[in-house]
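Taken in order, these protein sequences are the chains called A and B. Using our numbering, the letters of the first sequence correspond one by one to residues 238 to 583. Using our numbering, the letters of the second sequence correspond one by one to residues 1319 to 1678. A virtual CB, placed ideally from N, CA and C, is assigned to each residue, including glycine. First the structure, in the form of structure tokens, and then the observations on it.
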Amino acid sequence: MASRNSLQTPECQTTYTRIGSCFAPRATPKSCNIARIAPILSRQVSGEEEENIKALLNKTWHVFGLSPLYNFERKSSAFQRYSKSLSSALEAESHKGCFVDNDVPGSVEIGGIRGLTVNIGDQNAVGIFVRGKNRKAEDAMVYTALFCCVNLQFCPIPKDLQASFKYFPIMLASGPVAIMNSINNWLESQFDCRVTKLKFSSNDLLWMASLWSAYTPVPKSRPLELVYAVPQECEGLSKITYRMAAADAKRLLDIVHPDDSDELTEEEVQAYFDALESHLCYMFHAKLGTMYLRTVGNSIAYVSTDGKIKLFSMDYVFNVLAHLTQLSVERFTGTSLQTLPFSQNE
Amino acid sequence: MEVDILKRCFGKCKTSDIFSVLKKWSFLSSADISHLESAETIKGPKRNLVGLIADICSRRDNFNIESVGELDLICVQMNPSKCIWSCYQLEESNDEDEAFDPVQLKQKLGKHLRLCFDPKSSVSTVLHNGAVWMKLYIPQQRNQKYQAPRSVYLIHYLHTPLILMTGLKASIKEFLFQALLNCFNCKKLLEMKLTGRQVDSLKELALNRWCQGDFSKFRYEQVQRRPLSEILPRKRKVDESEEELDPNITCENEGMKKRRKEMLDKVFGTNTQPVLEKLDFKVRVRYKDAKNFGIADPDVPFTCEVKFEGPSVIEGIRNLGRCGMAKLPLPPHLTRITSLAKNHFVLTDKGELDSKHKSK
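Shown next as structure tokens:
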């Protein structure tokens, strides 16, 4: 089997080692389950719940990590109170002139969203919807945010505090950055929490790409896409986009990963990327191992290092969300503090 | 509509550029321009100045869509990199004396255009840097308003078969090509699969394809003003920065660096490479050593698409080799881009290509 060592001629090893991915401390556990996660009591997915899941698809979401929310209540009266408070906060901001030349927020609606949980311990999702005027002064939905908690394996809040804290590891938000910032500020002051952009390292992307390739490709599905950023000392070239047909990517994965196992191990992920990159090296002699992996995507989802995600597949929404939840919890509990998102290393 | 186009053109320029554009346009008399320059408006916002210019222009009789088109062309000439240009090649020309006069060309092309499209279609031409720049505007029959996407910019280099064209709608493509063929008296308009933003580089690539790479130094010698004097090759920035390093630092692998540089200079030459923003490869090749690797159906090729993007890709690929991010020697489809004069490629295995030819 072609290993990375065979690709790197000795001359290159003195100058470069793989950046931020294979030799970096692990951010993800040694292996991951690739079995499909179905929604809770999957036979009873109601129409409304299906709509809620569908609303997640084909949109670009910014992923944020949330720390536990203090004194967050799940009552409709509380939701009404929050929406009033948030709309007045937004109005104050727009008086300050924060939303000039942009979408202007108007009414706010906060409420629970059903159908986005997979096990009993998961909190039901909560959504923030802001209607307002868009650039053409038409009435439109200008901002959406969802607090999710999908397949949470372990709750990091100590037992005695669990009554006063609610934990949603991830928040998906879509809308203009100005509104996003003011809502994040409001959340931080209202619930005494911290909202941070969930940035992914190259290593995280490596894992996601491999996990999602493992799901059998539908014929004619989107190709596996890897976007590599070329380091700055190589002037003139900024990125290399590498797309491989989904079926061919699966053929490569089948070699490194035996069919009967549901676990994908780190060695397999590494071998899979070695195989992908060595094919490009064979075609163009370029060593992708020396570059940064910026974006990965296939028919399940597109993810980039700056914490943006786009979901495509209804069937695997929960797998993706569960993976994000897991990453966010890891960041929150600090089990993987040593791996910073690589964009900060530049 | 004319005023609308005029405002649009000036909207794209900087305020400081407006007067130089006006002088180049030579539609307004110098008296008008000096009147504008002295006016109070020059201190005010750009909108007022443009409004004043529009006022003066619309009072003229010969202020029509063609003369505004010339203004638009001058604005495009100032920033040609705002459009994406694709190269086309005229083939099998029958006519020895093509129309080199821009006015003649304008009338000829206008005649052919009006045959195929709306009679209100217009052509404007400006001569610039040895090339005729043309703007074709093909309105939709029902629509009275100006629609920017329905205009096409063309650059034709005189005495060469090269035409650069901005993106155009598929619906008008066929007829427009026919009109161009009739106008230039040719039988074929060949798409060269070469696109980019830098007009000069595209021209360089398309016209001088056999003296690129290492040979380019001979051509630059010719172009230089004093061809008989000794030629000092233009030094590349990189070399200078390397020389400036601290003398106490010695490079461990200097020999290898030198070897690499020699190999690259051999294929790319020492000059700065022409600028392209994108290289696009569609590849269908078998996996290397597929049988030993254990891939199912080793003979079935892998379908891939690889894109190289950046401010200057050919230069970037050379740097890739220089920085050790690529194995040397580079494959011919990366080193010979300049002489192939293409940036969209389809690569297949050698055997595959043969079998396709046989089946044909």
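Please list, in chain order, all residues of the same chain as Q1591/B whose beta carbon is under 6 Å from its beta carbon, the five residues on each side excluded.
I1632, E1633
G1587/B at chain A interface by Cβ criterion, 7 Å:
no
Is DSSP giving Q180/A helix, strand or coil here?
Residue 180/A lies beyond the range of chain A shown here (238 to 583); nothing can be said about it.
Measuring CB atoms only, is the region 291 to 299 of chain A touching the region 528 to 545 of chain A, in the sense that at least three cross pairs come out at less than 8 Å?
yes
The beta strand (DSSP E) that contains H299/A, what's its start and end?
297 to 303
Please report the residue range of the beta strand (DSSP E) in which P342/A lies.
341 to 350
Considering only the alpha carbon of each residue, which of Q1425/B, S1469/B, K1584/B lies closest to C1704/B?
Here chain B covers residues 1319 to 1678 and nothing more, so residue 1704/B does not appear.
Within chain B, partners of R531/A - CB distance below 7 Å
The contacting residues do not exist; R531/A stays about 12 Å from chain B at best.
Measure the beta-carbon distance from A451/A to L489/A and round it to whole angstroms, keeping in mind my assumption that it falls under 8 Å.
At roughly 11 Å, the Cβ-Cβ gap does not stay under 8 Å, so A451/A and L489/A are not in contact.
7 Å Cβ shell around V1368/B - same chain, five flanking residues per side excluded:
K1325, F1328
As a quick exercise: from L1482/B, V1386/B, F1495/B, pick the residue whose alpha carbon is nearest that of L1427/B.
The shortest C-alpha to C-alpha distance from L1427/B to any of L1482/B, V1386/B, F1495/B is the one to F1495/B.
On the premise that V367/A lies in contact with I407/A, defined as a C-beta separation below 8 Å, what is that separation, rounded to the nearest angstrom?
Rounded, the Cβ-Cβ distance is 19 Å, inconsistent with contact.
At 7 Å on the CB atoms, spell out the chain A contacts of C1641/B, in chain order.
E470, C471
Per-residue contacts from I416/A into chain B (C-beta, under 7 Å):
Residues of chain B passing the Cβ test: none, with the nearest at roughly 29 Å.
When the distance is taken between beta carbons, is R531/A closer than 7 Å to V464/A?
Their beta carbons are under 7 Å apart, which means V464/A touches R531/A by this criterion.
Are the C-beta atoms of T265/A and some chain B residue less than 7 Å apart?
Reliability of the predicted coordinates at T265/A is poor, the pLDDT of 47 falling under 50, and the value obtained from them is presented with this limitation in mind. In terms of beta-carbon proximity, T265/A stays away from the interface with chain B, with every pair separated by 7 Å or more.
If we define contact as Cβ-Cβ less than 7 Å, is R480/A a contact residue for chain B?
yes
Is it true that the region 1378 to 1398 of chain B meets the region 1430 to 1448 of chain B, where meeting means three or more beta-carbon pairs spaced less than 8 Å apart?
yes
Rank A508/A, Q399/A, Y404/A by C-alpha distance to the C-alpha of A362/A and give the top, closest one.
Y404/A
Assigned secondary structure, D1419/B (DSSP; H/G/I helix, E/B strand, else coil)
coil
Strictly by DSSP, which residues pair up with N270/A?
E500/A
Any beta carbon of chain A sitting closer than 7 Å to that of Y1471/B?
no
Given a limit of 7 Å on CB to CB distance, which residues of the region 1624 to 1648 of chain B reach chain A?
V1624, K1625, F1626, E1627, G1628, P1629, S1630, V1631, E1633, G1634, I1635, N1637, L1638, C1641, G1642, M1643, A1644, K1645, L1648
Under a CB-based cut-off of 7 Å, is G1573/B close to chain A?
no
How many Å lie between V533/A and P1565/B at the Cα?
43 Å
Can you confirm whether T542/A, when its beta carbon is compared against all beta carbons of chain C, has any partner nearer than 7 Å?
This model lacks chain C altogether, as its protein chains are A and B.
Alpha carbon to alpha carbon, what distance is there between Q360/A and L548/A?
21 Å
Pick helix, strand or coil for T570/A, following the three-state DSSP scheme.
helix
Would you identify the three-state DSSP class for A1497/B, choosing helix, strand or coil?
helix
For T433/A, which residues does DSSP report across the bridge?
G302/A
Answer with yes or no whether the minimum CB distance from R488/A to chain B is below 7 Å.
yes
Apart from the five residues just before and just after K1555/B, which ones in its own chain have a Cβ nearer than 6 Å to its Cβ?
Bear in mind that the predicted position of K1555/B carries a pLDDT of just 48, short of 50, making it unreliable; the figure below should be weighed with that in mind. None.
Please name the residues in the region 505 to 537 of chain A whose beta-carbon is closer than 8 Å to at least one beta-carbon of chain B, in chain order.
A512, S515, H516, L517, C518, Y519, M520, F521, H522, A523, K524, T527, M528
D485/A versus chain B: which residues are under 8 Å apart at the beta carbon?
F1620, T1621, C1622
Would you check if the distance between the CB atom of F1493/B and the CB atom of C1405/B is smaller than 7 Å?
no
Beta carbon of I365/A nearer than 7 Å to that of I347/A:
yes
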